[in-house]
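In this note's numbering, the protein residues as written are 41 to 412. These notes are about the structure you will find just below.
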Ligand SMILES: *Cc1c(COP(=O)(O)O)cnc(C)c1O
């Protein structure tokens, strides 16, 4: 699905020297590279404050802790997402309120949000799934009307841009009060281990989130709030500093592959190519097809037999997971997500795809009906 080794080899000299200089200085925790990376990312991200942390899951948790969300508060999120989004909500004693998604964009169905708002609702967490922004303008409007925080989960969409009706363009993660992202190796900006970051325009909130990420302290050994230990390693920051310069090029390469797939696969009547929303650019963290009238799992096996990896994101909807059971949840509760769990299939997309690979994958996909 990804080719992290080839990607490394293309920038090996720069990466090796960045790692070497961290090893020489040996400031493995909070070395200067961490601040450098935060500054560089801030500039790329519309000058938001950037708080680096240990991973994208912690980023969500720190945001929710800093916003003082309390036991029993309700937080709205899409049900078709990675478990981390729901996990931190539940872990903090908050109630995840799932919303079904739009079958075409895979993102939260904005028309279903308002009916789920109660006096206990405190926040909405839109997830920009597979690399494309959720429809933020209506989400921000609803949030404003009901006085809710918007926390954007940007783990899959760093660099994507949203266009408002008046033509204003904003980066994913800069529209809500907080944005959170992940540098898991396979994400669009991937470290060589775990990493994450939080964005906000609010200086006070930024300060509080930095404190929470560091045991609730601003001054060492003076703990003003209850925090956690969530740091980005100096080594990872040094690696990310190098890779950040290539993010734009990486996004371009993912788009080139996606354009090729779109062009070749649009004629396959047993598949539906991913829809591009008018209001968002796409950074193609995943290229996700929908199976139409075929057995998706048989198609997946066929690809595997031809040496083509594929993945199902996500095979079991959150409301059907044991850990997230609640009275009233069952088959039929979120029909679009349930349908997607049976029909989606993501095919390889990354920064190192060759035209031979793309041609082979498309030819093989197109030949499936003859083998089914
Ligand atoms: C990857 C991911 C996360 C979690 O990031 P980690 O760095 O793995 O903790 C959260 N939300 C979404 C949508 C993700 O894809």
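Yeah, the Cβ is synthetic: ideal placement off N, Cα and C, and Gly gets one too.
- Per DSSP, the beta-bridge partners of residue 163 are 115 and 189.
- Note that the C-beta distance between residue 199 and residue 287 is below 7 Å.
- The C-alpha of residue 92 is placed about 27 Å away from the C-alpha of residue 148.
- Just so you know, the alpha carbons of residue 238 and residue 304 end up roughly 38 Å apart.
- A straight line joining the alpha-carbon of residue 96 with that of residue 223 spans about 7 Å.
- In the three-state reduction of the DSSP assignment, residue 253 falls in the helix class, which pools H, G and I.
- Residue 181 and residue 309 have their C-alpha atoms roughly 38 Å apart.
- Of all residues, those with a beta-carbon under 6 Å from at least one heavy atom of ligand 1 are 95, 96, 97, 121, 122, 124, 125, 167, 193, 195, 196, 222, 224, 234 and 236, reported in chain order.
- Cβ-Cβ distances below 6 Å link residue 232 to 279 in the same chain, with the five nearest sequence neighbours on each side left out; the list follows chain order.
- For residue 375, no beta strand (DSSP E) run applies; the uninterrupted alpha helix (DSSP H) run containing it begins and ends at 375–383, by DSSP.
- Judged by DSSP secondary structure, residue 173 falls outside any alpha helix (DSSP H); it is assigned neither H nor E.
- Using a 10 angstroms sphere on the CB of residue 46, the tally of other CB atoms stays under 16, which defines it as exposed.
- Contact between residue 329 and residue 389 does not hold, since the beta-carbon distance rounds to 11 Å and is not under 8 Å.
- Beta bridge pairing from DSSP links residue 387 with 327.
- By the neighbour-count criterion, in which a residue is buried when 16 or more other Cβ atoms sit within 10 angstroms of its Cβ, residue 399 is exposed.
- Per the coordinates, the alpha-carbon of residue 360 lies some 9 Å from the alpha-carbon of residue 366.
- Using a Cβ distance threshold of 7 Å, residue 244 and residue 189 do not count as a contacting pair.
- In the three-state reduction of the DSSP assignment, residue 351 falls in the strand class.
- Contact between the region 108–116 and the region 151–164 is established, with three or more Cβ pairs separated by less than 8 Å.
- Between residue 357 and residue 128, the CB-CB gap reaches or exceeds 7 Å.
- Taking residue 246 as reference, the option from 87, 342 and 73 with the minimal CA-CA separation is 87.
- Within the same chain, and ignoring the five residues on either side of residue 391 in sequence, the residues whose Cβ sits closer than 6 Å to its Cβ are 47, 290 and 293.
- In the three-state DSSP reduction, residue 288 falls in the helix class (H, G or I).
- For residue 77, the enclosing alpha helix (DSSP H) starts and ends at 72–84.
- Beta-bridge partners of residue 201 (DSSP): 211.
- Secondary structure of residue 311 (DSSP, three-state): strand.
- DSSP places residue 87 in the coil class of the three-state scheme, outside both helix and strand.
- Shown here for residue 409: same chain residues with a beta carbon closer than 7 Å to its own, the five before and five after excluded, namely 310 in chain order.
- For residue 219, the enclosing beta strand (DSSP E) stretches over residues 218–222.
- Ranked by Cα distance from residue 347, the options 63, 295 and 339 are led by 339.
- Counting the other CB atoms within 10 Å of its CB gives residue 267 a total of 16 or more, which places it among the buried residues.
- As a beta-bridge residue in DSSP terms, residue 269 pairs with 254.
- Short of 7 Å from the beta carbon of residue 150, and not among the five residues preceding or following it, lie these beta carbons of its own chain, in chain order: 175, 178 and 179.
- Residue 237 is bridged by DSSP to 92 and 221.
- In the structure shown, residue 409 adopts helical secondary structure according to DSSP, grouped into three states.
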